[in-house]
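Participant: Got a structure for you, written out below as structure tokens; questions coming shortly.
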Amino acid sequence: MPTVSRAARIATVVTAACTLAVVLGLLLAVRAGHLFAELATGSELRQSVLAPAFGVAAILVLRGQPANRFGWLLLTEAVLNAVTVSLVSVVDELLPQPGLVGTLAEVLAPVAASIWLPAVGFGLGWIALLYPTGKLPSRRWRPVLWLAAFGLAALSLGGLFSREFLVDVYPGLAHPYAPGWETAPVAFVGLIAIVGAGVTSVVGLVVRWWRAEPPQRGQLGWFLVALLGLFVTALFEVGWLLSLATTVAFPLCLAAAVLRHGWFDGDLLLSRTVGYALVSLLIVGVFAFGVGVLGRTLGGAGIGAVVAAVAVAVFLAPVREAVQRITDRAVYGERRDPYTAMTRLGERLAAAPHPDDVPAAVVETVRRSLRVPHAAVFFPGDSAPAAEAGERPEICHEVPLHSAGSLVATLVVGLRPGQRALDVADTTLLSAFSAQVGPAVAAVQLTHDLRRSRERLVLAREEERRRLRHDLHDGLGPALAGMALGIGAAARTAQREGSSLADLLGGLEGEARSGLNEVRRIVHDLRPAALDELGLMAALRQHAEAVTARDGGLKVTVSGPEELDALPAAVEVAAYRIVMEAVTNTVRHARAHDCRVSIDLGTSLTIRVVDDGVGLPQRTGPAGGVGLASMAERAAELGGTFDAATAGGTVITAVLPVSAPAEPTPRTQAGVA
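Numbers given in the numbering used here equal positions in the sequence shown, counted from 1, plus 798.
Given below as structure tokens:
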């Protein structure tokens, strides 16, 4: 059995006390001769049910989230409403008593007459501001909090010391501690401040709801739905029973939204509530216009009412549809306007600067158009999404994307809180999306396939070059060298003996050595010799020392691991060539004194070349000079990235994927071939 938190136990005790106080107050009111009908039409019964309702809501919040300060705000509102109901009846009962009891009742009478002001003010100015965590949304809301605090203080003190408020509740009773001037205007100023803070808080809630992502969007939507319910029941004559039900539902809705805001679709309820509320206001306005203006013009209120009724009957359906379309657009996005959604999708796809950006444009458009919490695109066989946006909920809907009859990807759409399946409007728009997105995603997949093919070709080419260099260096090269040595020895022997074969053997020796030189040239062109003789890091350090010794004004240093064994040949060559080109550019153009080369090996090989020179020159083309273009091309061939920037000098950064470790190649000795 779960342990009940100390905060929840305190809330339970306080709520029980509030309930008893409310019951006591109602019993005393009935004893004083107030009928139930009088209580129901006044504010006493509403505040009577608000006290236990806010208390129960506080218990629920503090039981589920003991650290949530919003639970204590709900409990405070419960106490204020309970005191409002009970204290008025208790003081009314004790005032006729003689002696100390009557005197105490007179002292408490101003409190009883004005305690409803802080109860209302606290609910207006603080609940919306601090929902749903009991904390301000950000520091920018501190002035609103100060305004609410000032308003609550002015409203409470102005009402407490006001003779007018006391006389309204207890006629003929003298105020025991009122100042020499009337304080009701102070309470009025406080009320204005409270209303200003409350309206600002509600507007802020609407803005936060508009910008929020699910599930926080649904949580904020529930507050707005509950608030709209209170507004509608206060505006229209709905009967005391429905009014009480709405009053009780308000704090309970807040508690449910704080704890389990995924139970129901708050956006759907908000859309329908706003729509029907606007239509209802429009109907009331039409009838008021018909009875008032048209009635006087046409000669009778009855005629005006008939005209208004006809207008409502004719225009109700199209007006309701238009209003609902507007509210649905605000809540659900563009799902009821597929043409606009498709146009926006086409614009996003056309604006994508690179094929890799197409999946991201797709998921972002789907989320904005449908206002769903999550969207992702998966390529067949991939466990990770090609693009993803939002937090993935438990229930998702998958939409296959086809092109030329083949499955090219899957679009995954997360359902809104409270939904078990997408509705017809959602699926219709997704079907239209899939028909347009499929070919675009197929083009992206084709680009990926071409890139992977190029990467495999580059890797295979460099591996084959490394193998061929190794074979030539260790096989054909030594064989030709041995042949040349043997022919040379034979030629010298024939020359000493005066044989006619001496010239022939000398020519053969020259041809053998010419072939050996050609093999050496081919070996050198196939792959930098320093990589096989020293390894990547040692070759880079050797080159740095040579540049430093040759150019006395520039110091080149290399940092990184001592050895980088088992790198793919293509990665080794690309890294070596990029560093060579970057250092050469520094020597030629940077006018630098210090150049630092850093190598880091993780899942990728990261190369950084930083100097303290003049930086990159202003250039018109995006690729810059030939050297930068060459380095960028070497990185792109392997599916890597390249960046050149100016930051107190030139900063070259290249990231080369290390796809698969290669078999280590034995180091060769210089000069064997």
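Idealized CB from N, CA, C, for every residue including glycine.
Can ARG1389 and GLY1425 be called in contact, C-beta distance under 8 angstroms?
Facilitator: no
Participant: For ASP1224, which three-state DSSP category applies?
Facilitator: helix
Participant: Less than 8 angstroms separating the beta-carbons of ALA1373 and LEU1403?
Facilitator: yes
Participant: Quick check: what's the CA-CA separation for ALA1223 versus TRP1020?
Facilitator: C-alpha separation (whole angstroms): 23 angstroms.
Participant: Only counting runs of 3 or more residues, tell me where the beta strand (DSSP E) segments fall wholly within the stretch 1368-1406, in order along the chain.
Facilitator: 1392-1399
Participant: Is it buried or exposed for ASN879, if we count other Cβ within 10 angstroms and need 16 for buried?
Facilitator: buried
Participant: Taking the C-alpha atoms as reference points, what is the distance between LEU964 and PRO908?
Facilitator: 6 angstroms
Participant: Which partner residues of THR1451 appear in the DSSP bridge assignment?
Facilitator: ARG1406 and ASP1441
Participant: How about ALA982 and SER960: do their beta carbons lie closer than 8 angstroms?
Facilitator: yes
Participant: Mind checking VAL1485: buried by the 16 CB within 10 Å criterion, or exposed?
Facilitator: With the chain covering only 799 through 1471, there is no way to say anything about residue 1485.
Participant: Pick helix, strand or coil for PHE959, following the three-state DSSP scheme.
Facilitator: coil
Participant: Which whole-angstrom value is the C-beta distance of SER912 and LEU958, which I expect to be below 8 angstroms?
Facilitator: Going by Cβ atoms, the distance from SER912 to LEU958 rounds to 5 angstroms, so yes, they are a contact pair.
Participant: Should the stretch 1333-1341 be regarded as contacting the stretch 1350-1358, the criterion being three or more beta carbon pairs within less than 8 angstroms?
Facilitator: yes
Participant: Spell out a yes or no on whether the stretch 934-948 and the stretch 890-909 are touching, meaning 3 or more CB-CB pairs, one atom from each, closer than 8 angstroms.
Facilitator: no
Participant: Near VAL1456, which residues of its chain fall below 8 angstroms by C-beta distance, leaving aside the five closest residues on each side in sequence?
Facilitator: LEU1365, PRO1366, VAL1369, LEU1399, THR1401, SER1402 and LEU1403
Participant: List the DSSP bridge partners of PRO1198.
Facilitator: THR1208
Participant: Does DSSP put ALA1187 in a helix, a strand or coil?
Facilitator: If DSSP states are grouped into helix, strand and coil, ALA1187 belongs with the strands.
Participant: State the beta-bridge partners of HIS1172 as determined by DSSP.
Facilitator: Per DSSP, GLY1188 and GLY1212.
Participant: Please state whether DSSP places THR981 in a helix, a strand or coil.
Facilitator: Of the three classes helix, strand and coil, the one that applies to THR981 here is coil, per DSSP.
Participant: Rounding to the nearest angstrom, what Cα-Cα distance links PHE986 and LEU955 in this structure?
Facilitator: 11 angstroms
Participant: Going straight from the alpha carbon of ALA856 to that of ALA849, what length do you get?
Facilitator: 11 angstroms
Participant: Helix, strand or coil: which one does DSSP assign to GLY1181?
Facilitator: The question names Gly, but residue 1181 in the sequence shown is Ser. The answer is coil: DSSP assigns SER1181 none of H, G, I, E or B.
Participant: Sort out for me which residues DSSP pairs VAL1354 with in a bridge.
Facilitator: CYS1393
Participant: Can you give me the start and stop residues for the alpha helix (DSSP H) that GLU1361 sits inside?
Facilitator: Element bounds for GLU1361: n/a, residue is neither H nor E.
Participant: Taking the continuous alpha helix (DSSP H) assigned at THR874, which residues delimit it?
Facilitator: Segment 868-892, the alpha helix (DSSP H) holding THR874.
Participant: Closest to ALA1230 by CA distance: which of VAL1197, SER1251, ALA1241 and GLY1212 is it?
Facilitator: VAL1197
Participant: According to DSSP, is THR1045 part of a helix, a strand, or is it coil?
Facilitator: helix
Participant: Using only alpha-carbon positions, find the residue among GLN1234, GLY988, VAL1449 and GLU980 that is nearest to LEU1199.
Facilitator: GLN1234
Participant: Count the other CB atoms, across all protein chains shown, that sit within 10 Å of the CB of GLY777; report buried if there are 16 or more and exposed otherwise.
Facilitator: One cannot answer for residue 777 here, as it falls past the ends of the chain, which runs 799 to 1471.
Participant: So, using beta-carbon positions, are ALA783 and VAL1206 closer together than 8 angstroms?
Facilitator: As displayed, the chain neither begins before 799 nor continues past 1471, which places residue 783 out of reach and without an answer.
Participant: Could you compute how far the alpha carbon of GLU1192 sits from the alpha carbon of ALA1173?
Facilitator: The alpha-carbon separation between GLU1192 and ALA1173 amounts to approximately 13 angstroms.
Participant: Could you check how far apart the C-beta atoms of ALA1182 and VAL1161 are, in whole angstroms? I think they sit under 8 angstroms.
Facilitator: Actually they do not touch by this definition, with Cβ atoms about 14 angstroms apart.
Participant: Suppose you measure from the CA of VAL854 to the CA of ALA1202; what does that come to, to the nearest Å?
Facilitator: 60 angstroms
Participant: Do the CB positions of PRO1157 and VAL1242 come within less than 8 angstroms of each other?
Facilitator: yes
Participant: Alpha carbon to alpha carbon, how far is LEU860 from ALA876?
Facilitator: Answer to the nearest angstrom: the Cα atoms are 14 angstroms apart.
Participant: In terms of alpha-carbon separation, which member of ARG1394, ASP1409 and GLN863 lies closest to ALA1054?
Facilitator: GLN863
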